[in-house]
Amino acid sequence: MKHELPQLQYSYDALEPFIDAQTMEIHHSKHHQGYTDKFNTTLEKYPELQEKNAEEILQEINSLEIDEADKKAVVNNGGGYVNHNLFWAVLGPEKQVDENLVKEIEETFGSLESFKELFSKEAGTKFGSGWAWLVRDENGKLKVYSTSNQDSPLSLGHTPILTLDVWEHAYYLKYQNRRPEYIESWWNVLKLLP
Ligand code: MN3
2 MKHELPQLQY
12 SYDALEPFID
22 AQTMEIHHSK
32 HHQGYTDKFN
42 TTLEKYPELQ
52 EKNAEEILQE
62 INSLEIDEAD
72 KKAVVNNGGG
82 YVNHNLFWAV
92 LGPEKQVDEN
102 LVKEIEETFG
112 SLESFKELFS
122 KEAGTKFGSG
132 WAWLVRDENG
142 KLKVYSTSNQ
152 DSPLSLGHTP
162 ILTLDVWEHA
172 YYLKYQNRRP
182 EYIESWWNVL
192 KLLP
């Protein structure tokens, strides 16, 4: 199966002024497309992996019998592919609040505000390129952490719920070095939470 760049459910300018249209277009049509293409190219050598979906491949990454260089390429480009899929999916110009998730967040982190503080801190202090995550761990418990590069929580046996891309390509055109401002703005277009 060829992995395909997902269509966004909103236009490139729909998240203005919080995320600008030019950043959205380059991020989706160049960066995400690039990960998708390179992921497909790496898989060409492995017909058995072409039967699996991208999430399965990342879940099984440690037991895959493929070249080390190809494994690294799958971590980077397969990770880039699925991480961005989730990133676009949880954003939107209008809130579609997941009340069950809100309740679970409040139970786990004390309040929505303390969750947001924790998540923003994780995203803000991530050194270099990476992602901040809310995941469900192997015991079903919600957790907040960050990963470097394009590493996916799927490879740790966790299920990603929402994520924030803190690579510079995600914000540099509008925010330059002001990553904290980008993070604060992002909450406005994260549709799952109020
Ligand atoms: Mn990105």
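The letter at position 88 of the sequence shown is residue 89 when you use the numbering used here, and the numbering goes up by one with no holes.
Backbone N, C-alpha and C fix where the C-beta goes; we use that ideal spot for every residue, glycine too.
With DSSP as the reference, identify every bridge partner of D166, one or two as the case may be. For D166, which the question treats as bridged, DSSP gives the partners W132.
Identity of the residue in L6, L194, G35 nearest E105 by Cα: E105 has its Cα closest to that of L194, out of L6, L194, G35.
Less than 8 Å between the CB atoms is what I'm expecting for L157 and V145, so what's the real figure, rounded? About 14 Å separates the two Cβ atoms, so there is no contact after all.
Considering only C-alpha positions, which residue in the set S149, H170, L165, Y172 is nearest to V76? If we check each option's Cα against that of V76, S149 comes out closest.
For E114, is the classification buried or exposed, using 16 other Cβ atoms within 10 angstroms of its Cβ as the cut-off for buried? Counting other Cβ atoms within 10 Å of its Cβ, E114 stays below 16 and is therefore classed as exposed.
Within 10 Å of its beta-carbon, does E100 have 16 or more other beta-carbons around it, so buried, or fewer, so exposed? Only exposed fits E100, as fewer than 16 other CB atoms lie within 10 angstroms of its CB.
Measure the Cβ-Cβ separation of V91 and L163 and say whether it is below 7 Å. Contact: yes.
Mark Q97 as exposed unless 16 or more other C-beta atoms lie within 10 angstroms of its C-beta, in which case mark it buried. Residue environment analysis places Q97 among the exposed positions, since fewer than 16 neighbouring C-beta atoms fall within 10 angstroms of its C-beta.
Could you tell me how far apart the beta carbons of M25 and Y13 are, in whole angstroms, since I believe they sit closer than 8 Å? Rounded, the Cβ-Cβ distance is 4 Å, consistent with contact.
Between the C-alpha atoms of A171 and E57, what's the straight-line distance to the nearest angstrom? Per the coordinates, the alpha-carbon of A171 lies some 26 Å from the alpha-carbon of E57.
Collapsed DSSP secondary structure at S149 in the structure displayed: Strand at S149.
Endpoints, alpha helix (DSSP H) assigned at A1: Since the first residue shown for the chain is 2 and the last is 195, residue 1 is missing from the structure and cannot be characterised.
Based on the DSSP secondary-structure assignment, which residues constitute the bridge partners of L92? Its beta-bridge partners are L191.
Which residues DSSP lists as bridging K117, in chain order: None, per the DSSP bridge assignment.
Taking its Cβ as the centre, do 16 or more other Cβ atoms sit within 10 Å of P48, making it buried, or is it exposed? Answer is exposed; the Cβ neighbour count stays below 16.
Please find out if some non-hydrogen atom of the ligand MN3 comes closer than 6 Å to the beta-carbon of W168. Correct: W168 has its Cβ closer than 6 Å to the ligand MN3.
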